[in-house]
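Asks:
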Amino acid sequence: IEMPLTRNMSKDERVTRLFVGCLLVGGYALDIIGTWGLIGIGFVATSWINFCPFYRLIGIKTCKDC
8 IEMPLTRNMS KDERVTRLFV GCLLVGGYAL DIIGTWGLIG IGFVATSWIN
58 FCPFYRLIGI KTCKDC
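Listed below in structure tokens is the structure:
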């Protein structure tokens, strides 16, 4: 069964996830926060594809027109 990656995040949330993700990855790269910073890769990826798998699991959509 194919499940398309339908958009489920608002633009504001995408920008926030990208910002926080970059901070986390930067913190990891500078060895400030350790391996927890790798979580930022997931934030950046989900903001880039405009889809959060966890949101699909629990049935959340933060965008108005999707």
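Using this note's numbering, you'd call the opening residue of the sequence shown number 8 and step up by one each time. Where is the CB? At the ideal position from N, CA and C, for every residue including glycine.
1) Going by DSSP in three states, L12 sits in which element: helix, strand or coil?
2) Do the segment 48-57 and the segment 24-32 touch if we need at least three Cβ pairs shorter than 8 Å?
3) Rounding to the nearest angstrom, what Cα-Cα distance links R21 and K71 in this structure?
4) Rounded to the nearest angstrom, how far is the Cβ of N15 from that of I67, given a contact under 8 Å?
5) Output the distance between the C-alpha atoms of L37 and V27, rounded to the nearest integer angstrom.
Replies: So, to answer that:
1) Of the three classes helix, strand and coil, the one that applies to L12 here is coil, per DSSP.
2) yes
3) 14 Å
4) 7 Å
5) 15 Å
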